[in-house]
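> I'd like to ask you about the structure that follows.
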RNA sequence: CGGGGCGUGGCUCAGCCUGGUAGAGCACCGCGUUUGGGACGCGGGGGUCGUGGGUUCAAAUCCCUCCGCCCCGACCA
């Protein structure tokens, strides 16, 4: 039995999450910098794989990467009314530099719409300059009151896309393209996390946006996690930063802008969707190590026999699988099994003298923990077998998460049912209320409207709160 | 930011109530035996007790400040 290093999910879900982050060596709270974390090697390796898959999609949809300054003049943040209200309380300021008080303080970017808006106004003159399709990979800082590794940290890493368009329709098209082709596609195919695509309500939208779209995922405790957002900013930021262009009719127009982002919070989503009481579980596509080999031997003679077999076996893997041979002498095989399970390596190959003699290996799959997921298979055809298994695991993890979400989602028709359902998962309900109603529900149930799903039933029902007839359904849930 | 809990070797914690100069297990280092689900024996190193101040002959222990962490709220990617 593994040592008791991870709190069981059923005992304390939040403690379980923190235990996974620690034991899988993903990150550590940076106790000398409030609310910040150190992303450790294994955690960052996962993020790099995420970045690559996202960046490919961002480029494939026509965007280029750029890099803007970390610091933003404080006055910039103050220019868009809703934006100020939304972000002013949580920005960190730089007031001194070079040993002197600054004439105007800078803020450390909480997001970059404002400074990017300033430059876009310089760069855009004509409709021929549009669309402008840029993205940046950056760290940002928001002085959050309560932090949790990956889910909410003062400093976090993300990508933020910022585009400008000639028409409202083009901006809307861009906002939705990102939602579907970049975010939902990435999260479902690479992370194996099913999402609900939807529109945010007025209460929940991005400060300064016309409309915010999002993808929402369900964690294993039934709570919702916003996994990505894509905003149609309308002409709000264009007006604040004077982003104008001359159109075909020689008329000056404000541009239509968008912004969209996903962050290292996705690592938290990954953990809370797939992992179990034995440790981290990673979808094969995002596993820094997909296969680990644990050689087993009792003496030097056995060692050389086994290691020779390992070398023959892994020669075929180069360029096909991300693998590691754990040949450390100072740990027992049992120790290694547990360590790689904690770190979420999808496939483990064990090979000892008996296997060499029989031309077999022991193969263990992480999505089925313990002995149940272990089998003895021939060395012949092993590479293909592993590749097929990784594909299968990727699908299994997605299907499992989808089944979980479906089992924890229910249509509710009364307010009492809603209260009960948000304790265990998503509540789907007809909705015709306003922001005031929404706030009241949040106070009473701690649940919020996560989104208005893009996919609607096309039927009519009575609003869960106001009783008015409506054709609009929403998802209520408690959120991270 | 409001309410609650807590900071003692790397980690988990005991000691604090009732002041008298710091311990355990795990981890680490050395040697030997081990190795198919977290091995064992012997020996060894490591802590100005979160920070700053106060009370006292004497503070891990009592009082105050600040910092940080965890839980529950409000806010949020």
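Numbering (the numbering used here), first residue to last: -12 to 467. Beta carbons: idealized from backbone N, C-alpha and C, even for Gly. This one's a predicted model, so the numbers in the text were calculated from it and none came from an experiment.
I'd like to check one pair, residue 122 with residue 104: are the Cβ atoms closer than 7 Å?
Looking up residue 104 in the first chain gives position 117. Looking up residue 122 in the first chain gives position 135. No, they are not a contact pair.
> If we ignore side chains and look at the alpha-carbon of each, how far apart do residue 462 and residue 273 end up?
Here residue 462 is taken as the residue at index 475 of the first chain, counted from 1. Here residue 273 is taken as the residue at index 286 of the first chain, counted from 1. The alpha-carbon atoms of residue 462 and residue 273 are separated by roughly 29 Å.
> According to DSSP, is residue 117 helix, strand or coil?
Position 130 of the first chain, counted from the start, is the residue given in the question as residue 117. Residue state, collapsed to three classes: coil.
> Smallest Cα separation from residue 370: which of 297, 34, 177 and 328?
Working through the first chain from its first residue, we reach residue 370 at position 383. Checked all of 297, 34, 177 and 328; the closest Cα to residue 370 is 297.
> Quick check: the Cα distance between residue 389 and residue 57, rounded to an integer number of angstroms?
Your numbering for residue 389 matches position 402 in the first chain. Your numbering for residue 57 matches position 70 in the first chain. Cα-Cα distance, rounded: 39 Å.
> Considering only C-alpha positions, which residue in the set 286, 157, 134 and 358 is nearest to residue 321?
Residue mapping note: residue 321 aligns to position 334 of the first chain, counting from 1. For residue 321, the nearest C-alpha among the options comes from 358.
> Write down the C-beta distance between residue 483 and residue 385 rounded to the nearest angstrom, noting that I regard them as a contact closer than 8 Å.
The chain is shown only over -12 to 467; residue 483 falls outside these bounds and no answer can be derived.
> Is it right to say residue 170 is buried, meaning 16 or more other beta carbons lie within 10 angstroms of its own, or is it exposed?
Walking along the first chain from the start, residue 170 turns up at place 183. Per the 10 Å Cβ criterion, buried.
> Of all the options 62, 265 and 363, which has the alpha carbon lying nearest to the alpha carbon of residue 96?
Working through the first chain from its first residue, we reach residue 96 at position 109. Residue 62 is the option with its Cα nearest to residue 96.
> Using only CA atoms, which one of 438, 456 and 437 lies nearest to residue 446?
Mapped onto the first chain, residue 446 falls at position 459. Per the Cα distances, 456.
> Looking at the structure shown, is residue 190 part of a helix, part of a strand, or coil, going by DSSP?
In the first chain, residue 190 corresponds to position 203, counting from 1. Coil, per DSSP.
> Rounded C-beta distance between residue 146 and residue 41? I'm assuming under 8 Å.
Numbered from its first residue, the first chain carries residue 146 at position 159. Numbered from its first residue, the first chain carries residue 41 at position 54. Yes, residue 146 and residue 41 are in contact; Cβ-Cβ is about 6 Å, under 8 Å.
> Leaving out five residues on either side along the sequence, give the residues of the same chain with a beta carbon under 6 Å from the beta carbon of residue 362.
The residue labelled residue 362 in the question sits at position 375 within the first chain. The answer, listed in chain order, is 350.
> Looking only at its own chain, which residues have a Cβ that is under 7 Å from the Cβ of residue -11, when we skip the five neighbours before and after it?
Start at 1 with the first residue of the first chain, and residue -11 comes out as number 2. Note on residue -11: pLDDT 43, under 50, position unreliable in the model; no value is reported.
> Assuming the contact rule is C-beta atoms closer than 8 Å, residue 417 and residue 449 should be a hit. Round their C-beta distance to whole Å, please.
Position 430 of the first chain, counted from the first residue, corresponds to residue 417. Position 462 of the first chain, counted from the first residue, corresponds to residue 449. About 6 Å; that satisfies the 8 Å criterion.
> In terms of alpha-carbon separation, which member of 342, 372, 343 and 345 lies closest to residue 352?
Locating residue 352 in the first chain gives position 365, where the first residue counts as 1. Residue 372 is the option with its Cα nearest to residue 352.
> Given a cut-off of 7 Å on the beta-carbon distance, is the pair residue 278 and residue 334 in contact?
Locating residue 278 in the first chain gives position 291, where the first residue counts as 1. Locating residue 334 in the first chain gives position 347, where the first residue counts as 1. A contact, by the Cβ cut-off of 7 Å.
> Can you tell me the Cβ-Cβ gap for residue 225 and residue 241, rounded? I've got them flagged as a contact below 8 Å.
Residue 225 sits at position 238 when you count from the first residue of the first chain. Residue 241 sits at position 254 when you count from the first residue of the first chain. Rounded, the Cβ-Cβ distance is 4 Å, consistent with contact.
> The beta strand (DSSP E) that contains residue 398, what's its start and end?
As a working mapping, residue 398 is identified with position 411 in the first chain. Unbroken beta strand (DSSP E) run through residue 398: 396 to 398.
> Does the beta-carbon distance from residue 67 to residue 195 come in below 7 Å?
On the first chain, residue 67 is found 80 positions in, with the first residue counted as 1. On the first chain, residue 195 is found 208 positions in, with the first residue counted as 1. Yes. Within cutoff.
> In chain order, which continuous runs of the beta strand (DSSP E) of length 3 or greater are located wholly inside the segment 23 to 64?
The qualifying runs are 24 to 26 and 58 to 60.
> Taking the CB atoms as reference points, tell me whether residue 26 and residue 14 lie closer together than 7 Å.
Residue 26 sits at position 39 when you count from the first residue of the first chain. Residue 14 sits at position 27 when you count from the first residue of the first chain. It is a contact, given that the beta carbons lie within the stated cut-off.
> For residue 74 versus residue 254, is the C-beta spacing smaller than 7 Å?
Here residue 74 refers to the residue found at position 87 of the first chain. Here residue 254 refers to the residue found at position 267 of the first chain. Taking 7 Å as the Cβ cut-off, residue 74 and residue 254 do not qualify as a contacting pair.
> Which residues does DSSP pair with residue 128 in a beta bridge?
The residue labelled residue 128 in the question sits at position 141 within the first chain. Residue 128 is bridged to 142.
> In its own chain, which residues sit with a C-beta less than 7 Å from the C-beta of residue 348, not counting the 5 before and 5 after it?
Against the first chain, residue 348 aligns to sequence position 361. Result list for residue 348: 336, 337, 338, 342, 364, 366 and 369, in chain order.
> Pull up the CB-CB distance for residue 131 and residue 22, whole angstroms please, since I reckon it's below 8 Å.
The sequence position of residue 131 within the first chain is 144, counting from 1. The sequence position of residue 22 within the first chain is 35, counting from 1. That pair is a contact at about 6 Å.
> Would you report the Cα separation of residue 323 and residue 316, rounded to the nearest angstrom?
Numbered from its first residue, the first chain carries residue 323 at position 336. Numbered from its first residue, the first chain carries residue 316 at position 329. Straight-line Cα distance between these residues: approximately 11 Å.
> Nearest CA to the CA of residue 173: which residue from 90, 250, 24 and 422?
Mapped onto the first chain, residue 173 falls at position 186. Ranking the options by Cα distance to residue 173, first place goes to 250.
> Which partner residues does residue 243 have in the DSSP bridge list?
Counted from its first residue, the first chain places residue 243 at position 256. Partner(s): 152.
> Report the partner residues of residue 218 according to the DSSP bridge assignment.
Position 231 of the first chain, counting from 1, holds the residue named residue 218. Note: residue 218 sits in a beta bridge opposite 199 and 246.
> Excluding the 5 residues flanking residue 261 on each side, which residues of the same chain have their C-beta closer than 6 Å to its C-beta?
Mapped onto the first chain, residue 261 falls at position 274. Here the set comprises 268 and 384.
> Is the Cβ-Cβ distance between residue 190 and residue 425 less than 7 Å?
For this step, residue 190 is matched to residue 203 along the first chain. For this step, residue 425 is matched to residue 438 along the first chain. For residue 190 and residue 425, yes; Cβs fall inside 7 Å.
> Let's see if you can read the secondary structure: which residues bound the beta strand (DSSP E) around residue 419?
For the purposes of this step, residue 419 is taken as residue 432 along the first chain, with counting starting at 1. Here residue 419 belongs to no beta strand (DSSP E), and DSSP marks it neither H nor E.
> Starting from residue 361, trace the beta strand (DSSP E) in both directions and tell me its first and last residue.
By 1-based counting over the first chain, the position of residue 361 is 374. Segment 361 to 365, the beta strand (DSSP E) holding residue 361.
> Helix, strand or coil, according to DSSP, for residue 107 in the structure here?
Within the first chain, numbered from 1, the residue matching residue 107 stands at position 120. Correct three-state label for residue 107: helix.
> Going residue by residue through the segment 244 to 296, where are the continuous alpha helix (DSSP H) segments of at least 4 residues, counting only ones entirely within it?
Taking only runs of at least 4 residues, the alpha helix (DSSP H) segments lying wholly in the segment 244 to 296 are 252 to 261.
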